[in-house]
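For the sequence shown, the positions run 1 to 259 when UniProt numbering is used.
No residue lacks a Cβ here, since even glycine has one placed at the ideal position from N, Cα and C.
Nothing here was measured: the structure is a model prediction, and the numbers come from that model.
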Amino acid sequence: MSLQDKVVLVTGGAGGLGKAIVKACLISKAKGVVIADINEQLSKETEIELRNNSESGRIATFTLDVSNESSCAAAVDFAVRHFERLDVLINNAGIADGLHSAATCEKDEWDRVMGINLTGPYLMTKYAVKHFLNRGEGTGGSIVNIGSAASQRGAMSGVAYTTSKHALVGLTKNTAAAHAKQGIRTNIVLPGAMQTNIANSMPKNVDMEKLAVLQQIGALQPGLVEVDELAKTVVHLASEESKAINGAVVNGDNGFNAF
């Protein structure tokens, strides 16, 4: 798989799965990769680390708040100005919720999770697609959204996270259908349990009873998903080798979806 001459923007690219995706893009010969993350310090540390293993100038960082429309528009503009184009958007940024049901979830928690997990991908998609379309007919573009096992289930998390990840499937399919004729592809990967930093985004008032249930469910899963392996799947979907794949929901959970 190759991203030769492609420019990629990865939201939440400073750590966890996002960092693994950035590395995989560089290995796949991407022309340039933008690490777009709200954590400016971590972004710089990741850039320095990866620069030691790649050609200088192929990585850039942008401090991004995906819940802010102006920030999302500026991120796409930055990629285009820095690398002269944008070909691939990876909507990876996301946060966990407090595992609360509709009866116990506070609106502040709901709004925060929706703002980052759903509004963010919508806004980034909006401005990326506008750029793809403005380049002219036949130039295409690729978007890969990062969902969750919770995108297909109701008991994997709280109401806010679960709803946001279900809705992300809808955003994926609608964008794929709306822009298929322009050669713009949009797909979504649903990772299983991984060793990433998303747990750090959990609020302090976690529903401990629900957490205990999730730990029991987790014990049934066939092992943690390796982030580097999942990153390869993301890159494959983003590349021209997946040209026929559009609007697909791809499970990356070691087969947990089959149980």
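query	result
Less than 8 angstroms between the CB atoms is what I'm expecting for residue 152 and residue 257, so what's the real figure, rounded?	7 angstroms
One question on the structure: do residue 16 and residue 37 come within less than 7 angstroms of each other, judged by their Cβ atoms?	no
For a minimum of 3 consecutive residues, which ranges assigned as the beta strand (DSSP E) are wholly contained in the stretch 28-56?	32-37
Less than 7 angstroms between C-beta atoms, sequence neighbours within five positions excluded: which residues of the same chain meet that for residue 1?	28, 235, 236, 239 and 241
Under a three-way DSSP split, which group does residue 174 fall into?	helix
So the alpha helix (DSSP H) residue 134 belongs to, where does it begin and stop?	120-134
When DSSP labels each residue in this structure, what does residue 10 get in the three-state scheme?	strand
Exposed or buried, what is residue 155 when buried is set at 16 or more other beta-carbons lying within 10 Å of its beta-carbon?	exposed
Out of 39, 93 and 172, which one is the CA nearest neighbour of residue 113?	93
List the endpoints of the continuous beta strand (DSSP E) containing residue 60.	59-63
Bridge partners of residue 194, per DSSP?	225
What's the call for residue 211, buried or exposed, on a 16-neighbour Cβ count within 10 Å?	Caution is warranted here: a pLDDT of 49 is assigned to residue 211, below 50, making its placement in the model unreliable, and the coordinate value is therefore given only provisionally. Burial call: exposed.
Look at the alpha carbon of residue 104 and the alpha carbon of residue 158, and state the distance between them as a whole number of angstroms.	10 angstroms
Between residue 147 and residue 189, how many whole angstroms is the CB-CB distance? I'm expecting something under 8 angstroms.	7 angstroms
Using beta-carbon positions only, say whether residue 10 and residue 21 come within less than 7 angstroms of one another.	yes
Taking the CB atoms as reference points, tell me whether residue 18 and residue 67 lie closer together than 7 angstroms.	no
Inspect the beta-carbon positions of residue 160 and residue 97 and report whether they are closer than 7 angstroms.	yes
Taking the continuous beta strand (DSSP E) assigned at residue 142, which residues delimit it?	141-146
So residue 88 is in the beta strand (DSSP E); what residue range does that whole segment cover?	88-91
Would you kindly work out how many angstroms separate the C-alpha atoms of residue 255 and residue 169, rounded to a whole number?	19 angstroms
Spatial neighbours of residue 85 within its chain, please: CB distance less than 6 angstroms, with the 5 preceding and 5 following residues excluded, ordered by chain position.	7
Residue 144: which of 43, 182, 162 and 89 sits nearest, CA to CA?	89
Where does the unbroken beta strand (DSSP E) through residue 66 begin, and where does it stop?	From DSSP, residue 66 is part of no beta strand (DSSP E); its letter is neither H nor E.
Rounded to a whole number of angstroms, what is the C-alpha to C-alpha distance between residue 45 and residue 224?	26 angstroms
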